[in-house]
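Novice: Numbering (the numbering used here), first residue to last: 250 to 648.
All residues carry an ideal CB built from backbone N, CA and C; glycine is no exception.
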């Protein structure tokens with residue numbers, strides 16, 4: 250009987266895999282959340298050994314790998330890159346830095362989650378684990394799994410606290426008009442951007458990338474095909490810089506309907522512009538505007554003057570979506586106009602603003618059925634009880 254070359258051992262709440270490498274070395278892999286995961290990994294290893302394709306995981310420290318991984322982020326949006334960099338420096342390296350990647354298993358990640366649960370918000374914790382998962386087993390980029398440093402996903406099966414879904418509360422119509430009036434008094438680009446966003450719901454970074462050729466005057470639409478994003482600076486002086494590139498996602502490429510008032514605003518701006526083919530919205534001295542500076546120094550002043558210091562420019566986008574829904578537009582139309590990646594995102598964000606769909610469907614069915622006929626209540630459709638001793642012919646609707 251051939252000698253067994255592998256085994257699964259339970260250690261507390263997790264499972265470990267033990268096997269013998271082709272070189273005769275006993276190898277352990279730990280941190281599997283359940284026996285099924287451990288068995289799957291053991292089968293994989295034994296299969297690789299049998300077919301001669303087994304490669305022993307490399308011993309690399311997490312800190313070294315994390316720094317290499319960050320340096321290799323190419324084509325990642327600046328905001329995402331900045332967020333990942335902060336997570337790696339402040340949370341991941343301090344906790345996992347001295348460990349070898351092969352030592353990181355389910356137990357280590359679950360312990361990390363428990364440790365952070367009392368230190369950061371649930372949303373921040375989820376973002377941290379997403380970053381860790383992308384780094385270790387992501388399908389894109391040089392993840393630890395793809396580079397041969399890991400053989401399984403140590404984040405699989407990790408229990409996370411539930412996310413609190415806070416419902417979006419858009420500004421009211423009265424509040425938005427206060428913002429528009431305050432922007433009108435202060436003047437400048439803030440006035441025009443507030444008005445534009447109220448009627449289009451564009452993202453701030455999409456507005457700041459708009460050029461006059463993006464306006465389809467004939468079809469009364471604004472073509473969204475780019476956005477301003479933060480990227481690593483190339484001048485060796487600054488850390489970050491803003492560049493115009495692709496929009497947030499593939500579905501962000503879209504055409505947004507423009508009301509006559511919006512087209513009138515854009516025509517005025519074009520007539521006043523020095524370059525009728527360049528950017529529509531510019532900062533002081535005719536330079537490209539810094540989005541963060543706009544939020545703080547331009548819209549911040551507008552919100553304060555309107556007596557609404559807690560309102561953000563992005564809230565005008567929520568207001569626009571709420572108005573579309575209030576006007577009875579479909580979820581598909583709202584999704585397309587907002588540039589959401591999927592209709593699920595639309596429902597997750599604004600689902601509470603849609604009328605009760607079941608009640609609405611029932612009313613529509615009733616209206617459709619009784620069109621052109623005298624509407625009857627349910628009681629009039631039910632056969633009356635028969636009198637005892639009297640024969641009656643069966644009603645046609647008693648089938």
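1. Can you check which of these residues, 448, 452, 522 and 455, is closest to residue 509 by C-alpha distance?
2. Could you name the residues that DSSP lists as bridge partners for residue 269?
3. For the candidate residues 385, 404, 363 and 463, whose alpha-carbon lies nearest to that of residue 397?
4. At which residue ranges does the region 458-485 contain complete beta strand (DSSP E) runs of 3 or more residues, listed in the order of the chain?
5. Can you check which of these residues, 473, 421, 261 and 527, is closest to residue 507 by C-alpha distance?
6. How far does the alpha helix (DSSP H) with residue 256 in it reach, from first residue to last?
7. Grouping DSSP H, G and I as helix and E and B as strand, with all else coil, what is residue 506?
8. How is residue 370 classed by DSSP in three states: helix, strand or coil?
9. Quick one: using the 10 Å Cβ neighbour count with 16 as the cut-off for buried, is residue 604 buried or exposed?
10. Does the Cβ of residue 253 have 16 or more other Cβ atoms within 10 Å, making it buried, or fewer, making it exposed?
11. For residue 568 versus residue 450, is the C-beta distance shorter than 9 Å?
12. Among residues of its own chain, excluding the 5 on either side of residue 571, which ones have a beta-carbon nearer than 6 Å to its beta-carbon?
13. Who are the Cβ neighbours of residue 366 in its own chain at under 7 Å, not counting the five residues just before and after it?
14. Which whole-angstrom value is the C-beta distance of residue 470 and residue 504, which I expect to be below 8 Å?
15. For residue 531, I'd like the list of residues in its chain whose CB is within less than 8 Å of its CB, leaving aside the five on either flank, ordered along the chain.
16. Going along the chain, which residues of its own chain have a beta-carbon closer than 7 Å to the beta-carbon of residue 518, five neighbours each way excluded?
17. Look at the alpha carbon of residue 350 and the alpha carbon of residue 590, and state the distance between them as a whole number of angstroms.
18. Quick one: Cα of residue 502 to Cα of residue 588, how far?
19. Does the region 261-268 come into contact with the region 286-299, if we say contact requires no fewer than three beta-carbon pairs (one atom in each stretch) closer than 8 Å?
20. Taking the straight line between their C-alpha atoms, what separation do you get for residue 317 and residue 464?
21. Between residue 390 and residue 379, is the Cβ-Cβ spacing less than 9 Å?
22. Quick one: using the 10 Å Cβ neighbour count with 16 as the cut-off for buried, is residue 619 buried or exposed?
23. On the DSSP bridge list, what partners appear for residue 528?
24. Taking the straight line between their C-alpha atoms, what separation do you get for residue 258 and residue 542?
25. Count the other CB atoms, across all protein chains shown, that sit within 10 Å of the CB of residue 476; report buried if there are 16 or more and exposed otherwise.
26. Using the Cα positions of residue 298 and residue 354, report the straight-line distance between them to the nearest angstrom.
27. How would you call residue 479, buried or exposed, if buried means at least 16 neighbouring beta carbons within 10 angstroms?
28. Mapping the DSSP letters down to three states, classify residue 421 as helix, strand or coil.
29. What is the rounded straight-line gap between the Cα of residue 216 and the Cα of residue 342?
30. Tell me which residues share the same chain as residue 556 and place their Cβ nearer than 8 Å to its Cβ, disregarding the 5 neighbours each side in the sequence.
31. My understanding is that residue 371 touches residue 412, with C-beta atoms under 8 Å, so please give their C-beta distance in whole angstroms.
32. Using the rule of at least 16 other Cβ atoms within 10 Å of the residue's Cβ for burial, across every protein chain shown, is residue 399 buried or exposed?
33. Quick check: what's the CA-CA separation for residue 337 versus residue 313?
34. Could you spell out where the alpha helix (DSSP H) holding residue 592 opens and where it closes?
35. Looking only at its chain, what residues have a beta carbon closer than 6 Å to the beta carbon of residue 346, apart from the 5 residues adjacent to it on each side?
36. Should residue 546 go down as buried or exposed, given a rule of 16 or more other Cβ atoms within 10 Å for buried?
Specialist: By the coordinates alone:
1. Distances from the CA of residue 509 to each of 448, 452, 522 and 455 were compared; the closest alpha carbon is that of 448.
2. Paired residue(s): 275.
3. Of 385, 404, 363 and 463, the residue nearest in Cα terms is 385.
4. Listed in chain order, they are 470-473 and 476-481.
5. For the residues 473, 421, 261 and 527, the minimum Cα distance to residue 507 belongs to 473.
6. Unbroken run through residue 256 is the beta strand (DSSP E), 255-260; no alpha helix (DSSP H).
7. Three-state result, residue 506: strand.
8. Annotated three-state conformation of residue 370 is coil, per DSSP.
9. Exposed is the call here.
10. Its pLDDT being 47, under 50, residue 253 is placed unreliably by the model, and the measurement read from it follows with that caveat. When all chains shown are included, residue 253 counts as exposed.
11. Yes, the Cβ-Cβ distance between residue 568 and residue 450 is below 9 Å.
12. Its chain contains 419 and 602 as the residues whose beta carbon lies nearer than 6 Å to that of residue 571, once the 5 sequence neighbours on both sides are disregarded; these appear in chain order.
13. Closer than 7 Å at Cβ, skipping near neighbours: 374 and 410.
14. Contact flag correct, Cβ pair sits at about 4 Å.
15. Excluding positions up to five away in sequence, the list reads 438, 537 and 538.
16. Annotation for residue 518: 441 and 529 place their beta carbon closer than 7 Å to its own, counting only its chain and skipping 5 residues before and after.
17. If you take the alpha carbons of residue 350 and residue 590, they lie about 34 Å apart.
18. Rounded to the nearest whole angstrom, the C-alpha separation of residue 502 and residue 588 is 7 Å.
19. Counting Cβ pairs under 8 Å, three or more are found: they touch.
20. Roughly 43 Å separates the two Cα atoms.
21. Between residue 390 and residue 379, the C-beta gap is not smaller than 9 Å, which leaves the two residues out of contact.
22. Residue 619 should be labelled exposed.
23. For residue 528, the pairing in a beta bridge is given by DSSP as 460.
24. Here the alpha carbon of residue 258 sits roughly 57 Å from the alpha carbon of residue 542.
25. Its Cβ being crowded by 16 or more others within 10 Å, residue 476 is buried.
26. Spanning the two alpha carbons is a distance of roughly 22 Å.
27. Around the Cβ of residue 479, a 10 Å sphere holds 16 or more other Cβ atoms; the residue is buried.
28. Coil at residue 421, not helix or strand.
29. In the structure as shown, the chain begins at 250 and stops at 648. Residue 216 is therefore absent and cannot be evaluated.
30. Excluding positions up to five away in sequence, the list reads 427.
31. That pair is a contact at about 6 Å.
32. Counting C-beta atoms within 10 angstroms of its own C-beta, residue 399 has 16 or more neighbours from the protein chains shown and is therefore classed as buried.
33. Cα-Cα distance, rounded: 12 Å.
34. It spans 592-599 - the alpha helix (DSSP H) in which residue 592 sits, taken as one unbroken run.
35. Here the set comprises 311 and 312.
36. Counting C-beta atoms within 10 angstroms of its own C-beta, residue 546 has fewer than 16 neighbours from the protein chains shown and is therefore classed as exposed.
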